[in-house]
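Asks: Structure below; questions to follow.
Here is the structure:
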């Protein structure tokens, strides 16, 4: 897959980015994410599950069309739900939902959208994400979704968001909503696709590490049944994947980061890491 580069189209898109920042701000990597959405989105909304300090809010408002603060309940899906409730779906050709769990876009999104538009003419899908997951059930990972007009104007869409509750248990949110939205919309007659293809079978069956009772054991496993965005982040970026999980740079998955210098080299010229490194040092 060629490394993305290119210009945006004229499709009218609404982008909603949900964030949580315990420091009460808008970190540099979120600012970069918002700026990276602008070439593909006519309207950008930042919905924050944490208070936003006045100085950071001014920065966010200079990038976005709206900034919404809400209580830290329900994780990303409740944040998206509340932001979507304020928007008229009839105005948009597509809706992008994304969150603060990823860093990027490492490559311009415009050519990725152009590629997916071309693919849609052949594959006729109605919504898409970046990567398929087979954890829990087959679904699109929820840090980046794109939904077409038929989807966002459908009964299945409205019914799903009416059912999103303020659940505090992250695993339950993943099971009910991250995996659930793909299933709910597919049950409503809509088809879906992922930007990054599944690896060929020869690459899917490989040795994966798995934590059991606090100890790591190694077993042969299907790599699509683990979190590919974390486990195989280096491969994905090499193939043009435009995001890196934030937890690889700060958080629970830092021990899985394979070669940050290599990733930085791969994205040189398309992503500015200098400001992001300030977030890494916090």
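Residue numbers (my numbering): 40 to 321.
Glycine is no exception: its CB is placed at the ideal position from the N, C-alpha and C atoms.
Straight-line CA distance for residue 299 to residue 56?
Replies: On the chain shown, residue 299 is found 260 positions in, with the first residue counted as 1. On the chain shown, residue 56 is found 17 positions in, with the first residue counted as 1. Near 25 Å, if we compare the C-alpha coordinates of residue 56 and residue 299.
Asks: Express the C-alpha separation of residue 283 and residue 72 in angstroms, rounding to a whole number.
Replies: Sequence index remark: in the chain shown, residue 72 carries index 33 (1-based). Sequence index remark: in the chain shown, residue 283 carries index 244 (1-based). Approximately 11 Å between the Cα atoms of the pair.
Asks: Out of 121, 135 and 89, point me to the one whose CA is closest to residue 75's CA.
Replies: Here residue 75 is taken as the residue at index 36 of the chain shown, counted from 1. Nearest C-alpha to residue 75: 135.
Asks: Give the DSSP bridge partners of residue 168, in chain order.
Replies: Residue numbering aside, residue 168 sits at position 129 when the chain shown is read from its first letter. Residue 168 is bridged by DSSP to 184 and 233.
Asks: Identify, in the order they occur along the chain, each residue of the same chain with its Cβ nearer than 7 Å to the Cβ of residue 95, setting aside the five sequence neighbours on each side.
Replies: Position 56 of the chain shown, counted from the start, is the residue given in the question as residue 95. Hits under 7 Å: 64 and 65.
Asks: Quick one, which of 278, 309 and 79 has its alpha-carbon nearest residue 156's?
Replies: To locate residue 156, count along the chain shown from 1; it is residue 117. The residue with the shortest Cα to Cα distance from residue 156 is 79.
Asks: I think residue 203 touches residue 182, with their Cβ atoms under 8 Å apart; what is that distance to the nearest whole Å?
Replies: Working through the chain shown from its first residue, we reach residue 203 at position 164. Working through the chain shown from its first residue, we reach residue 182 at position 143. In fact, because the Cβ distance is near 17 Å, the residues do not count as touching under 8 Å.
Asks: Below 8 Å, can you find three or more Cβ-Cβ pairs linking the stretch 120 to 129 to the stretch 191 to 207?
Replies: Yes, they touch.
Asks: Using the Cα positions of residue 99 and residue 137, report the straight-line distance between them to the nearest angstrom.
Replies: Translated into the one-based positions of the chain shown, residue 99 becomes position 60. Translated into the one-based positions of the chain shown, residue 137 becomes position 98. Using only the alpha carbons, I get a separation of about 16 Å.
Asks: Is residue 103 close to the ligand FAD? I mean its beta-carbon at under 6 Å from any heavy atom of the ligand.
Replies: Of the ligands one can find in the structure shown there are none, so the ligand FAD has no counterpart to examine.
Asks: Going straight from the alpha carbon of residue 196 to that of residue 167, what length do you get?
Replies: Position 157 of the chain shown, counted from the start, is the residue given in the question as residue 196. Position 128 of the chain shown, counted from the start, is the residue given in the question as residue 167. Cα to Cα, the separation comes out at about 14 Å.
Asks: Between residue 269 and residue 292, is the Cβ-Cβ spacing less than 7 Å?
Replies: In the chain shown, residue 269 corresponds to position 230, counting from 1. In the chain shown, residue 292 corresponds to position 253, counting from 1. Yes, the Cβ-Cβ distance between residue 269 and residue 292 is below 7 Å.
Asks: What did DSSP end up calling residue 213 once you bin it into helix, strand or coil?
Replies: Looking up residue 213 in the chain shown gives position 174. If DSSP states are grouped into helix, strand and coil, residue 213 belongs with the helices.
Asks: Need the endpoints of the beta strand (DSSP E) that residue 54 sits in, please.
Replies: Counted from its first residue, the chain shown places residue 54 at position 15. Start and end: 52 to 58.
Asks: Please identify the residue among 318, 186, 118 and 149 whose C-alpha is closest to the C-alpha of residue 288.
Replies: The sequence position of residue 288 within the chain shown is 249, counting from 1. The residue with the shortest Cα to Cα distance from residue 288 is 318.
Asks: For residue 294, is the classification buried or exposed, using 16 other Cβ atoms within 10 angstroms of its Cβ as the cut-off for buried?
Replies: Counted from its first residue, the chain shown places residue 294 at position 255. Residue 294 should be labelled exposed.
Asks: Looking at C-alpha atoms only, which residue of 176, 81 and 102 is the closest neighbour of residue 149?
Replies: Here residue 149 refers to the residue found at position 110 of the chain shown. Across the set 176, 81 and 102, the C-alpha of 81 shows the shortest separation from the C-alpha of residue 149.
Asks: At 3 residues or longer, what runs of the beta strand (DSSP E) sit wholly inside the stretch 76 to 125?
Replies: The stretch 76 to 125 contains these whole beta strand (DSSP E) runs: 82 to 87 and 105 to 108.
Asks: Quick one: grab the DSSP three-state call for residue 72.
Replies: In the chain shown, counting from the first residue as 1, residue 72 sits at position 33. Residue 72: helix per DSSP, three-state reduction.
Asks: With a CB to CB cut of under 7 Å and the five nearest residues on each side skipped, what residues in its chain are close to residue 67?
Replies: Within the chain shown, residue 67 is the residue found at index 28, counting from 1. So the list reads 314, 315, 317 and 318, once near-sequence residues are dropped.
Asks: Report the CB separation of residue 165 from residue 229 in whole angstroms; it is logged as a contact under 8 Å.
Replies: Position 126 of the chain shown, counting from 1, holds the residue named residue 165. Position 190 of the chain shown, counting from 1, holds the residue named residue 229. That belief holds up - the Cβ atoms of residue 165 and residue 229 are roughly 4 Å apart, short of 8 Å.
Asks: Count the other C-beta atoms from every protein chain shown that fall within 10 angstroms of the C-beta of residue 140, then say buried if there are 16 or more, exposed otherwise.
Replies: Numbered from 1 along the chain shown, position 101 holds the residue referred to as residue 140. By the 10 Å Cβ count, residue 140 comes out buried.
Asks: Taking the alpha-carbon positions, what's the residue 121 to residue 59 distance?
Replies: In the chain shown, counting from the first residue as 1, residue 121 sits at position 82. In the chain shown, counting from the first residue as 1, residue 59 sits at position 20. Roughly 15 Å between the two C-alpha positions.
Asks: Can you tell me where the alpha helix (DSSP H) holding residue 175 begins and where it ends?
Replies: Indexing the chain shown from 1 puts residue 175 at position 136. First-last for residue 175: undefined, no H or E at that position.
Asks: Can you give me the C-alpha to C-alpha distance between residue 102 and residue 52, rounded to a whole angstrom?
Replies: Position 63 of the chain shown holds residue 102. Position 13 of the chain shown holds residue 52. Cα to Cα, residue 102 sits roughly 16 Å from residue 52.
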